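Engineer:
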Amino acid sequence: MLARKLFFIVALCLGLASCAPKPVTPQLRPMGSIAVAAFSAPKYNWELIAGYLPEEGRPVKPEVLAALDAAVSQTLRAHGVSTTGTPAAVRQCQEIVTFERSGKARESAWSYWLGVGRCLPADFLLVPQVLYWKELEGGGKPASVVMDFYLIDVKGERLVSRYHYDETQKALSDNLLDFGKYVKRKGEWVSADTLAKEGVEAGLREMGL
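For the sequence shown, position 128 (counting from the first letter as 1) is numbered 128 according to UniProt numbering, and the numbering increases by one without interruption.
1) Taking residue 201 as the reference, give the member of 128, 124, 41 and 56 with the closest Cα.
2) In chain order, what are the residue ranges of uninterrupted alpha helix (DSSP H) at least 4 long that sit wholly in the stretch 57-139?
3) With 16 as the cutoff for other CB atoms within 10 Å, does residue 5 come out buried or exposed?
4) So is residue 196 buried or exposed if we call it buried at 16+ other beta carbons inside 10 Å?
5) For a test of the three-state rule: what should DSSP assign to residue 167, helix, strand or coil?
6) I need the straight-line Cα distance from residue 209 to residue 140, nearest angstrom please.
7) Taking C-alpha atoms, which residue in 164, 34, 148 and 188 lies nearest to residue 270?
8) Please report the Cβ distance between residue 109 and residue 47, rounded to the nearest whole angstrom; I am assuming they are in contact, meaning their Cβ atoms lie under 8 Å.
9) Over what stretch of residues does the alpha helix (DSSP H) that includes residue 209 continue unbroken?
10) I'd like the list of long-range same chain contacts for residue 69, defined as Cβ closer than 7 Å, with 5 residues on each side in sequence excluded.
11) So, is residue 74 buried or exposed, given that buried needs 16 or more other C-beta atoms within 10 angstroms?
12) How many Å lie between residue 114 and residue 82 at the Cα?
13) Closer than 8 Å is the cut-off here; do at least three beta carbon pairs connect the stretch 100-107 with the stretch 49-56?
14) Roughly how many angstroms lie between the CA atoms of residue 161 and residue 207, to the nearest whole one?
15) Looking at residue 132 and residue 149, is the spacing between their C-beta atoms short of 9 Å?
16) Less than 8 Å between the CB atoms is what I'm expecting for residue 122 and residue 72, so what's the real figure, rounded?
17) Taking a contact to mean a Cβ-Cβ separation below 9 Å, would you say residue 156 touches residue 125 in this structure?
18) With DSSP as the reference, identify every bridge partner of residue 149, one or two as the case may be.
19) Helix, strand or coil for residue 155 per DSSP?
20) Grab me the residues of residue 135's own chain with a C-beta within less than 8 Å of its C-beta, minus the 5 sequence neighbours each way, in chain order.
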């Protein structure tokens, strides 16, 4: 019975042109040096360059952020992208900007990150943020991850691109458009870490990195 149901779903999906996602044309790789900030986990909407948090005040564990940083670093290397500014170097500039602006009126997240970029010897600054993180749980509670990636042109003082990733795994029967993901994940419920790695790969590739 289950096999027949699965066969019907697959046949239906293959028969619908809408089930095949349209390919995304990645941007051209930025010409210039690139610095990469460490993943941050904003707790409040004013810390975001754009958009809003699904849930304010929700913390993300430091080990999760460290794993995300490693995923970005590994993916950039796999894509042949070299960087001139490491997360550690960017963090130093973050501390400098924070110190210089202590006691002053709170600035926007855009102004803050632009100031960090100006402190760096880089043409572009990649700012990754995780907005929501929920681990896979038993009882039909899937993993869920929301992330944003921003690529800032420091000298041009403009946002080159933004990639927003919002993924909560669903059963195939709930969304036939996810058939490709279903096959890629081998029909299994996956962890938040797996979802995040998929998001990092897709985001960096679409941004030309």
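Even for Gly, the Cβ is constructed at its ideal location relative to N, Cα and C.
Predicted model, so just to flag it, every value in this text is computed and none were measured.
Structural biologist: Walking through what the data contain:
1) Looking up residue 201 in the sequence shown gives position 201. Looking at the Cα atoms, 128 is the closest of the given residues.
2) Listed in chain order, the alpha helix (DSSP H) runs fully inside the stretch 57-139 are 62-78, 87-100 and 109-119, counting runs of at least 4 residues.
3) Locating residue 5 in the sequence shown gives position 5, where the first residue counts as 1. Its pLDDT being 45, under 50, residue 5 is placed unreliably in this model, and the value from its coordinates should be taken loosely. Around the beta-carbon of residue 5, fewer than 16 other beta-carbon atoms lie within 10 Å, marking it exposed.
4) By 1-based counting over the sequence shown, the position of residue 196 is 196. Per the 10 Å Cβ criterion, buried.
5) The residue given as residue 167 occupies position 167 in the sequence shown. The answer is strand: DSSP assigns residue 167 an E or B state.
6) Stepping through the sequence shown from its first residue, residue 209 is reached at position 209. Stepping through the sequence shown from its first residue, residue 140 is reached at position 140. So the alpha carbons of these two residues sit roughly 35 Å apart.
7) Look at the range of the chain in this structure, 1 to 209, and you will see that residue 270 is not part of it.
8) As a first step, residue 109 must be located in the sequence shown, where it is residue number 109. As a first step, residue 47 must be located in the sequence shown, where it is residue number 47. Yes, they are in contact, since the Cβ atoms of residue 109 and residue 47 sit about 6 Å apart, within 8 Å.
9) Here residue 209 corresponds to residue number 209 of the sequence shown, with the count starting at 1. From DSSP, residue 209 is part of no alpha helix (DSSP H); its letter is neither H nor E.
10) The residue given as residue 69 occupies position 69 in the sequence shown. Cβ neighbours of residue 69 beyond the five flanking positions: 38, 39 and 87.
11) On the sequence shown, position 74 is the one that residue 74 refers to. Exposed, because fewer than 16 other Cβ atoms sit within 10 Å of the Cβ of residue 74.
12) What you label residue 114 is simply residue 114 of the sequence shown in a count that begins at 1. What you label residue 82 is simply residue 82 of the sequence shown in a count that begins at 1. In a straight line, the C-alpha of residue 114 is about 21 Å away from that of residue 82.
13) no
14) For the purposes of this step, residue 161 is taken as the residue at position 161 of the sequence shown. For the purposes of this step, residue 207 is taken as the residue at position 207 of the sequence shown. Rounded to the nearest angstrom, the two C-alpha atoms are 7 Å apart.
15) By 1-based counting over the sequence shown, the position of residue 149 is 149. By 1-based counting over the sequence shown, the position of residue 132 is 132. Taking 9 Å as the Cβ cut-off, residue 149 and residue 132 do not qualify as a contacting pair.
16) Position 122 of the sequence shown, counted from the start, is the residue given in the question as residue 122. Position 72 of the sequence shown, counted from the start, is the residue given in the question as residue 72. Residue 122 to residue 72, Cβ: 15 Å. No contact.
17) Residue numbering aside, residue 156 sits at position 156 when the sequence shown is read from its first letter. Residue numbering aside, residue 125 sits at position 125 when the sequence shown is read from its first letter. Taking C-beta atoms as the reference points, residue 156 and residue 125 fail to come closer than 9 Å.
18) The residue given as residue 149 occupies position 149 in the sequence shown. Listed as beta-bridge partners of residue 149 by DSSP are 128 and 163.
19) One-based indexing of the sequence shown puts residue 155 at position 155. Assignment of residue 155 by DSSP, reduced to helix, strand and coil, places it in the coil class.
20) Reading the sequence shown from its first residue, position 135 is the one you call residue 135. Same-chain partners within the cutoff: 143, 191 and 192.
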